[in-house]
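One rule links them: number in this note's numbering = place in the sequence shown (from 1) + 2.
C-beta: ideal position from N, C-alpha, C; glycine also.
Everything on this sheet refers to the single structure shown next.
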Amino acid sequence: MSFSAPFAAADETLVPALLPLAEVAPETRERAERLIQGIRRAQTRIGGLEDFLRDYDLSTREGLALMAMAEALLRVPDEATQDALIADKIGAGKWDEHEPSDAWLVSAATWGLGMSNRLLRPNDTVPGVLTGLTRRIGVPAVRTGVRQAMRFMGHQFVLGETIEGALKRARENEAKGALHSYDMLGEGAKTRADAERYAKSYADAIDAIGRAAGNRPLPHRPGISVKLSALHPRYEPRNRAAVLRELTPVLVDLARQAKSYDLNFTVDAEEQDRLELSLEVIEAAFEDERLRDWNGFGLAIQAYGKRAEAVIDWAGDLGRRHGQTLMVRLVKGAYWDTEVKHAQVEGHADYPVFTRKAVTDLNYLACAKKMLALRPHLYPQFATHNALTIAKIIEMDAEGHGTGNRHPGGFEFQRLHGMGEALYAAVAKETEMPCRIYAPVGGHRDLLAYLVRRLLENGASTSFVAMAGDKDVDVAAVLDMPQDLAATPRHPRIPMPNGLFAGRRNSTGVEIGARRELDALSRDMQRAPAASEVKPMAPSDTDGVMSRARAAFTEWSTTAPASRAAILRRAADLLEAERAALMATLAREAGKTIDDGIAEIREAVDFLRFYADEAETLCQPRTLPGPTGESNEWRVRGRGVFVTVAPWNFPLAIFLGQTAAALAAGNAVAAKPAPQTPRIAAQAVALLHRAGVPTDALILVPGGVEVGQALIAHRDVAGVAFTGSTATAKAINLALAQKDGPIVPLVAETGGVNAMIVDATALPEQVTRDVIASAFRSAGQRCSACRIVYLQEDVADRMLAMIEGAAATLTLGDPMDPATDIGPVIDEAALKKLRDHAGAHRIRWQGDAPEGRYMPPTIIELGPDERLTEEVFGPVLHIKRWKAGRIDAVLDEIEATGFGLTFGLHSRIDATIAHVTARAPAGNVYVNRNQIGAIVGSQPFGGRGKSGTGPKAGGPLYLQRFVEEVVVSTDTTAAGGNATLIAMEAR
Numbered sequence: 003m004s005f006s007a008p009f010a011a012a013d014e015t016l017v018p019a020l021l022p023l024a025e026v027a028p029e030t031r032e033r034a035e036r037l038i039q040g041i042r043r044a045q046t047r048i049g050g051l052e053d054f055l056r057d058y059d060l061s062t063r064e065g066l067a068l069m070a071m072a073e074a075l076l077r078v079p080d081e082a083t084q085d086a087l088i089a090d091k092i093g094a095g096k097w098d099e100h101e102p103s104d105a106w107l108v109s110a111a112t113w114g115l116g117m118s119n120r121l122l123r124p125n126d127t128v129p130g131v132l133t134g135l136t137r138r139i140g141v142p143a144v145r146t147g148v149r150q151a152m153r154f155m156g157h158q159f160v161l162g163e164t165i166e167g168a169l170k171r172a173r174e175n176e177a178k179g180a181l182h183s184y185d186m187l188g189e190g191a192k193t194r195a196d197a198e199r200y201a202k203s204y205a206d207a208i209d210a211i212g213r214a215a216g217n218r219p220l221p222h223r224p225g226i227s228v229k230l231s232a233l234h235p236r237y238e239p240r241n242r243a244a245v246l247r248e249l250t251p252v253l254v255d256l257a258r259q260a261k262s263y264d265l266n267f268t269v270d271a272e273e274q275d276r277l278e279l280s281l282e283v284i285e286a287a288f289e290d291e292r293l294r295d296w297n298g299f300g301l302a303i304q305a306y307g308k309r310a311e312a313v314i315d316w317a318g319d320l321g322r323r324h325g326q327t328l329m330v331r332l333v334k335g336a337y338w339d340t341e342v343k344h345a346q347v348e349g350h351a352d353y354p355v356f357t358r359k360a361v362t363d364l365n366y367l368a369c370a371k372k373m374l375a376l377r378p379h380l381y382p383q384f385a386t387h388n389a390l391t392i393a394k395i396i397e398m399d400a401e402g403h404g405t406g407n408r409h410p411g412g413f414e415f416q417r418l419h420g421m422g423e424a425l426y427a428a429v430a431k432e433t434e435m436p437c438r439i440y441a442p443v444g445g446h447r448d449l450l451a452y453l454v455r456r457l458l459e460n461g462a463s464t465s466f467v468a469m470a471g472d473k474d475v476d477v478a479a480v481l482d483m484p485q486d487l488a489a490t491p492r493h494p495r496i497p498m499p500n501g502l503f504a505g506r507r508n509s510t511g512v513e514i515g516a517r518r519e520l521d522a523l524s525r526d527m528q529r530a531p532a533a534s535e536v537k538p539m540a541p542s543d544t545d546g547v548m549s550r551a552r553a554a555f556t557e558w559s560t561t562a563p564a565s566r567a568a569i570l571r572r573a574a575d576l577l578e579a580e581r582a583a584l585m586a587t588l589a590r591e592a593g594k595t596i597d598d599g600i601a602e603i604r605e606a607v608d609f610l611r612f613y614a615d616e617a618e619t620l621c622q623p624r625t626l627p628g629p630t631g632e633s634n635e636w637r638v639r640g641r642g643v644f645v646t647v648a649p650w651n652f653p654l655a656i657f658l659g660q661t662a663a664a665l666a667a668g669n670a671v672a673a674k675p676a677p678q679t680p681r682i683a684a685q686a687v688a689l690l691h692r693a694g695v696p697t698d699a700l701i702l703v704p705g706g707v708e709v710g711q712a713l714i715a716h717r718d719v720a721g722v723a724f725t726g727s728t729a730t731a732k733a734i735n736l737a738l739a740q741k742d743g744p745i746v747p748l749v750a751e752t753g754g755v756n757a758m759i760v761d762a763t764a765l766p767e768q769v770t771r772d773v774i775a776s777a778f779r780s781a782g783q784r785c786s787a788c789r790i791v792y793l794q795e796d797v798a799d800r801m802l803a804m805i806e807g808a809a810a811t812l813t814l815g816d817p818m819d820p821a822t823d824i825g826p827v828i829d830e831a832a833l834k835k836l837r838d839h840a841g842a843h844r845i846r847w848q849g850d851a852p853e854g855r856y857m858p859p860t861i862i863e864l865g866p867d868e869r870l871t872e873e874v875f876g877p878v879l880h881i882k883r884w885k886a887g888r889i890d891a892v893l894d895e896i897e898a899t900g901f902g903l904t905f906g907l908h909s910r911i912d913a914t915i916a917h918v919t920a921r922a923p924a925g926n927v928y929v930n931r932n933q934i935g936a937i938v939g940s941q942p943f944g945g946r947g948k949s950g951t952g953p954k955a956g957g958p959l960y961l962q963r964f965v966e967e968v969v970v971s972t973d974t975t976a977a978g979g980n981a982t983l984i985a986m987e988a989r
């Protein structure tokens, strides 16, 4: 049965059905209260994760500093960067203000951190401290102590660094009847080598677990969890065909191995946009005939997902059809913050997860009820540390949900290793249901992402874990549900994705993870007719164009600003309605992939709506202050005819952005597209005309360089908005300066030798993801694209190996194919220029490319004395190494290019971030993320130096360059006296 459910149904339609589950029977509440009291009575000798979370709530500076330090410290190989990180994070907290904790681990950690803070002194800076004698004496002790503290924390929360070590530690628990499910820690695979290594790690672990498993039958046998994203480097919905073809056999082999030992084999949950793909892979694997007669296969389901109940129904049907039982782990979900941001960034219609924690708690209960009812097709595994949830599940089971239970006991609970001991000790007094321990296994490097995720899940002061163990919080406050769920099913402070920008509607995206939506878009693009040919104008035609535009300017400039804005908003709606046809032209004419096409449509829509809003505000007359007896009114108006010159690399978004700004401000526009991309420009102009822009107020002027020169030289030009090369911008500037007549403003956005600096604290997986996107997305044909990465030499080899491996997974081909990552470069001349550049340098790595206008992803490593001084406009990335402590020299080298468009930094040291961003020679600075894809209104875009004139596109100052100001001052006493003033005196 294929899975089908609305990707993000409205909370208002889902929550009413959940509200009855908020009712708690008196005996159930009493049981929950007993469990909480059991937690509070328990005394621990060392202290677990709950003790840590209670003392270091994530809302405190100390909690945030600890999390940041834990995430990065054990990844840093050089002592200098370790010292800087420790100084940065310890300096952020007031450790010695914490009252002593009953838990020895927390007290010792606080004492150690407080002592370290005294060594650092409140007013010390990292550079100053490093030069001081006290700092030099204290550093080794501080560094060793903090690293040991982090390792000790890891020992508490991870069962073992190896599966053998974990199995050895587990024996004591298993002797008492405990079960374990082992989770091999690690990030998702970025390279094929990563995926192969993870597959081998899983296989080795299954063998080790199986040999130590004993003779108990399922479900009372150990298990293992596997992540599909660890087994394939491109585990993405766009790559569905390749994933099904390549990953399914790997999953089948691991499952068969687990079957040979009769183990529990659980496929872990991923993000919501990969849910449908995960279920397809799981079903394809489960239907392998070699997995019959085994009840150990299973999956995890996230209760915060709005489709969770539908997934349970799907799993029950899968088990029913094959006469087998699936072991299903129900969890709350670990990626909530990521899901919320993803929906906002991608412009989805709604969130795929619930935004109120209490609603997730209710949905967990609804899912639990359904799972109990679907026995024996499912064996429920309830992973929770919530006492009320446990009490309700015990109540549900006692009421007799489900019949014919195949397994002794019927279900089990699960808890995390290092958490929940006291809770489940109390549970054992209430029921005989077993509790399985979810046991992470891995080295300290892999531990930290897991630990941070657990902190995020459970470390907020409002979480059940934090409140249940806090004796100062009344038990009723822990157990009571909010009373406003019916009236307020959504979180009141989390806006809908389309309401992210207050009054301006966010552009609508496409949910790639919804297969029907992606298939429909791809099908509509294929069926869209080719755009009509656009014949270029001759330079001699431009005089007539400018005359028509000049004549139309008068009426358009006097049209009410609100009416002009309404037309632009109408055009934005038409763009979204005709997305597929426009994307088809972008693919055919400009080589835009589906991802890039979606993003370009959205940016164009955002420009139209943003400039509509800005113009309504800017173009309102304002009364200015002054002495009595006079009136002073400030107004703006359009300048006249603006010439807009757009590039081929963003032939819709930038073309419409420049044009919309000029139109919104009341100008007429002669819009010249790049000669390579006139068809998409013609579609855009036709769409604006349909929306209500007068035909002569916006005229398309297709043609080559000579046409552009004729437009700029024309006597009626009142302004020029240009995006393209620095050389062309300088030529336009010179031409305008040499003309007789008014001084004509030029708004120019040009390219850049855009750099990224990566230090040793950066997360390699995150750096890899961001470098690949910044350097190779859109075939590197973005003015914002990363051209050179400076890697700290201590981590350069590891980073480069991962970047190269990830680049090797990229697919070049037909931009209409959803699986394509990189399309063709724009023309043969561009391809030749890129090949010539690569041929003149030492190529470190280069991918493969099909026949045609394809430039393979290429990585060039520069020597210490080599410099990148010009923009290389394509998928060519340069690498250079730098020594710790020499970051200012790197910044000097970047600044010396004279360009200043985008700049990226990856670091976990706040002091480094503050220092570098203050010096960064760029108009757009990006920290710990990629450096492309500026969002209109959030990240206004534009450079400095040779990278542009400003003001920034999509920013609050942009429209001011498209208007001229007028102030009308009137003496109101000219008719003989100041009546207003006299009237005031009379009163």
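Same chain, Cβ closer than 7 Å to residue i, neighbours up to 5 away in sequence not counted
i           : result
residue 975 : 631
residue 387 : 417, 421, 422, 425, 466, 467
residue 80  : 762, 796, 886
residue 445 : 163
residue 403 : Residue placement at residue 403 is flagged as unreliable, the pLDDT there being 49, under the threshold of 50; a coordinate-derived value is accordingly withheld.
residue 120 : Residue confidence is low: residue 120 scores 43 on pLDDT, short of 50, so the model does not pin down where it sits. Its coordinate-derived value is still stated next. Result list for residue 120: empty, nothing under 7 Å.
Bridge-paired residues (DSSP) for residue i
i            : result
residue 440  : 183, 418
residue 750  : 724
residue 700  : 671
residue 225  : 183, 266
residue 1078 : Outside the displayed span of the chain (3 to 989) sits residue 1078, for which this structure offers no information.
Test item: CB-CB of residue i and residue j under 8 Å
i           : j           : result
residue 695 : residue 645 : no
residue 603 : residue 581 : yes
residue 678 : residue 829 : yes
residue 191 : residue 246 : no
residue 843 : residue 861 : no
Limits of the alpha helix (DSSP H) - the one that residue i falls within
i           : result
residue 528 : 517 to 529
residue 778 : 766 to 778
residue 338 : 338 to 347
Nonlocal neighbours in the same chain, by C-beta distance under 6 Å from residue i, ignoring five residues either side
i           : result
residue 127 : The pLDDT assigned to residue 127 is 41, lower than 50, so where the model puts this residue is not dependable; a value taken from the coordinates is nonetheless given after this. Here the set comprises nothing.
Residue from the options whose Cα sits closest to the Cα of residue i
i           : options            : result
residue 741 : 758, 715, 750      : 715
residue 821 : 236, 36, 84        : 236
residue 257 : 276, 230, 279, 278 : 230
residue 763 : 777, 796, 784, 590 : 796
residue 727 : 586, 926, 655, 945 : 945
residue 756 : 750, 828, 773      : 773
residue 203 : 479, 241, 233      : 233
residue 477 : 16, 965, 38        : 38
residue 665 : 686, 640, 684      : 640
residue 590 : 628, 570, 653      : 653
Residue interval of the beta strand (DSSP E) (run including residue i)
i           : result
residue 847 : 845 to 848
residue 799 : Run containing residue 799: none in the beta strand (DSSP E); it sits in the alpha helix (DSSP H), 795 to 809.
residue 329 : 328 to 333
residue 271 : No beta strand (DSSP E) holds residue 271; DSSP gives it neither H nor E.
residue 382 : 380 to 385
Other residues of its chain near residue i: CB distance less than 8 Å, five sequence neighbours each side excluded
i           : result
residue 556 : none
residue 171 : 161, 162
residue 408 : No answer about residue 408 holds up, because its pLDDT of 39 lies below 50 and its placement is not dependable.
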